[in-house]
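Each residue of the sequence shown is one higher than the one before, counting from 16 in the numbering used here. By construction, the Cβ of each residue, glycine as well, lies at the ideal position given by its N, Cα and C atoms. For reference, the structure discussed in these notes is given below.
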Amino acid sequence: MDPSQLEGLPEEDKQKMLSMIENMQTKDSLRMYNSLVQKCFTDCVDSFRRKNLDSTEEWCVTKCCEKFLKHSARVSVRFAELNAGAEAMMQQQVMQQQKGDE
């Protein structure tokens, strides 16, 4: 969220909103991290005979993490594109309504 969207709110409310947003972002990051660990561990680790990963498991975990992070980055970019498109469409509709009101 763009902090400029909070203009006009009392300072106390701005701080509460920013704190809530930060909290949500932290939870989302932890959720993503936990999902990554769970998926890659389940897919790659198949033996508990050793305390360390063998080379195959380590390679698998590395590839799994890379794939997960690339996918997450791509989804984020796509989401930002869709969000920007939706915002532009809303602004266009507002401008058309303003022209119609004149």
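Under the 8 Å Cβ criterion, the stretch 48 to 60 counts as touching the stretch 80 to 90, having at least three qualifying pairs. If you look at glutamate 73, you'll find it in the alpha helix (DSSP H) that goes 70 to 116. When secondary structure is reduced to three states using DSSP, phenylalanine 56 falls in the helix class. The beta carbon of cysteine 80 is closer than 8 Å to those of Leu51, Cys55 in its chain, skipping five residues each way along the sequence. Look at aspartate 28 here: in three-state DSSP terms it is helix.
Assigned with DSSP and collapsed to three states, aspartate 61 falls in coil, not helix or strand.
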